[in-house]
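Just so we're aligned: the sequence shown equals residues 1 to 343 in UniProt numbering. Glycine residues also receive a C-beta, built at the ideal position from the N, C-alpha and C atoms. These numbers were taken from a predicted model, which means no experiment stands behind them.
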Amino acid sequence: MPKVDIPEDEELGVLEDKTEALTLRSKRTERARKKQTKKAMRAKGAPQDFLSLLPYELIIEILILLKPSELFLLQQTSKSFYHFIAQEEARIARAVAGWRYASLQKSFRLPVLVADIDPAIQHLLQIPERQEILTIHKKPYQHIKPPEPTEVCTCLTCTLRWSALAIIVDFAHWQGNLDKGEPIPMIPRGKLPEWNQAIISAHADIVCKALYSPLWYARLLELHLDSTTRSIRRHVANKGNKRRRFRMTDEDVNSGTDAFLNRSGPPSLDFPYHRDNYYLLETFVPNRSWSQDMSKWLYVPAEQHDRDIEFVVMWAERRRRAELEQRSIAGPTPNLVSQPGTA
1 MPKVDIPEDE ELGVLEDKTE ALTLRSKRTE RARKKQTKKA MRAKGAPQDF LSLLPYELII
61 EILILLKPSE LFLLQQTSKS FYHFIAQEEA RIARAVAGWR YASLQKSFRL PVLVADIDPA
121 IQHLLQIPER QEILTIHKKP YQHIKPPEPT EVCTCLTCTL RWSALAIIVD FAHWQGNLDK
181 GEPIPMIPRG KLPEWNQAII SAHADIVCKA LYSPLWYARL LELHLDSTTR SIRRHVANKG
241 NKRRRFRMTD EDVNSGTDAF LNRSGPPSLD FPYHRDNYYL LETFVPNRSW SQDMSKWLYV
301 PAEQHDRDIE FVVMWAERRR RAELEQRSIA GPTPNLVSQP GTA
């Protein structure tokens with residue numbers, strides 16, 4: 001019989017495709033796979049932007065419950081928080097200071113910037129004779145750097161305001177020594193050690209920040225409230241100290257407010273002109289006095305700066321008139337230059 005040729009494909013039968021993807025097991029591909037997996041998990045579990053979830057007014061109401069130091073920390077968590085708090089800084093800081101530091105903000109007012117004063121009056125503040133009058137408020141203090149007269153108003157009120165804010169920072173700086181009972185380094189009279197110059201310069205920089213940043217100003221008030229509560233606790237623990245002091249409870253401290261300073265207590269009009277005063281300093285809340293008739297504290301008004309500026313203007317006017325009178329009494333200045341045709 002003739003031989004029948006069978007196609008090769010029929011001999012092999014139906015071919016089944018069993019190809020599979022090759023498994024890559026190199027260390028490089030394994031690291032890349034793990035990296036992609038972690039990235040995908042982070043993207044999947046990342047929370048939505050908090051600021052996009054709540055209404056604007058509600059966010060403000062939440063933020064004003066925080067302390068100034070907490071707001072600074074919150075700014076460091078994300079760019080969105082940083083820009084939001086920076087944009088609404090004045091509103092947030094004003095609200096925080098209003099309910100946390102109602103007393104302190106009336107005792108520690110900000111000095112006025114020279115840039116905010118009438119240009120016609122600015123040059124009167126820079127007169128050398130007037131700067132000499134203020135020497136008593138600047139040179140004697142080893143723990144306070146004087147304000148820059150071209151930046152900060154040098155009327156008496158603003159000079160005292162600057163000094164009070166500088167005391168806040170310096171008093172807080174030495175709280176650790178006071179808590180531990182360690183002596184504060186003393187400075188011989190007339191000496192200017194570098195370590196102290198570095199400290200008071202750094203403290204002056206902080207005060208300058210408060211002049212331009214409402215949040216930094218609120219931070220200073222928070223800092224002084226902490227120093228005040230620590231100081232009161234130290235003196236309460238001293239059983240031999242029977243001086244009159246503010247009544248402060250644990251609830252007052254935990255509240256994070258200065259409400260207890262509204263109670264009747266000892267006045268703190270004495271300025272700590274030296275760091276030696278810190279040992280007995282309990283509550284430094286200047287620019288106020290207790291009214292027995294009204295049973296409340298009366299504060300130096302913010303308008304006191306305007307009154308001082310009026311005094312500066314009147315002083316400059318008296319000085320100008322005195323110079324004119326002296327010139328009129330002395331008569332015309334003789335001309336010592338020989339005229340042509342005279343001997």
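Cutoff 6 Å; reference residue i; Cβ partners in own chain excluding five residues on either side
i, result
"residue 394", "Since the first residue shown for the chain is 1 and the last is 343, residue 394 is missing from the structure and cannot be characterised."
"Phe72", "none"
"Ala172", "Leu223, Ser227"
"Tyr101", "Leu221, Asp258"
Rounded C-alpha distance that separates residue i from residue j
i, j, result
"Leu125", "Thr157", "13 Å"
"Thr283", "Pro149", "29 Å"
"Pro147", "Phe108", "16 Å"
"Arg318", "Leu269", "32 Å"
"Arg245", "Ser213", "33 Å"
"Leu58", "Thr77", "19 Å"
"Asp250", "Asp226", "13 Å"
"Tyr56", "Leu74", "17 Å"
"Val236", "Leu178", "14 Å"
"Arg327", "Asn287", "42 Å"
"Leu165", "Tyr141", "14 Å"
"Ala46", "Leu66", "Because the pLDDT of Ala46 is 44, which lies under 50, any placement of that residue in the model is unreliable, and the number read from its coordinates should be weighed accordingly. Approximately 24 Å, taken between the alpha carbons."
"Lys180", "Arg233", "13 Å"
"Pro185", "Glu325", "53 Å"
"Trp195", "Ile329", "54 Å"
"Arg307", "Cys155", "10 Å"
"Ala322", "Trp297", "42 Å"
"Lys106", "Lys191", "35 Å"
"Lys39", "Ala198", "47 Å"
When the options are compared against residue i, the one with the closest alpha-carbon
i, options, result
"Gly240", "Ala210, Asn254, Leu280", "Leu280"
"Gly256", "Ala32, Trp99, Arg28", "Trp99"
"Ile117", "Glu151, Asn196, Gly176", "Glu151"
"Asn262", "Met294, Tyr278, Pro272, Ala210", "Met294"
"Ser163", "Arg230, Ile62, Leu110, Leu324", "Leu110"
"Ile200", "Phe84, Ile167, Arg288, Ala322", "Ile167"
"Ile309", "Gln292, Leu51, Ala322, His123", "His123"
"Leu160", "Leu220, Pro193, Phe271, Lys18", "Phe271"
"Gln292", "Leu192, His305, Trp315, Ser264", "Ser264"
"Pro183", "Tyr278, Leu54, Asn238", "Tyr278"
Unbroken beta strand (DSSP E) run spanning residue i, endpoints
i, result
"Leu298", "296-299"
"Ser289", "288-291"
Residue j beta carbon less than 8 Å from that of residue i
i, j, result
"Val285", "Leu104", "yes"
"Glu222", "Pro128", "no"
"Val313", "Ile121", "yes"
"Tyr217", "Ala302", "no"
"Leu211", "Cys153", "no"
"Leu215", "Glu70", "no"
"Arg91", "Ile60", "yes"
"Lys145", "Ala204", "yes"
"Ser289", "Pro266", "no"
"Arg219", "Gln175", "no"
"Lys83", "Arg275", "In the sequence as displayed, the identity of residue 83 is His instead of Lys. Not closer than 8 Å, so no."
"Leu51", "Ser26", "no"
Terminal residues of the alpha helix (DSSP H) in which residue i lies
i, result
"Ser328", "304-330"
"Trp216", "214-237"
"Arg94", "89-100"
"Tyr56", "56-63"
8 Å CB neighbourhood of residue i in its chain, flanking five on each side removed
i, result
"residue 350", "Given a span of 1 to 343 for the chain in the structure shown, any question on residue 350 remains unanswerable."
7 Å CB neighbourhood of residue i in its chain, flanking five on each side removed
i, result
"Thr19", "none"
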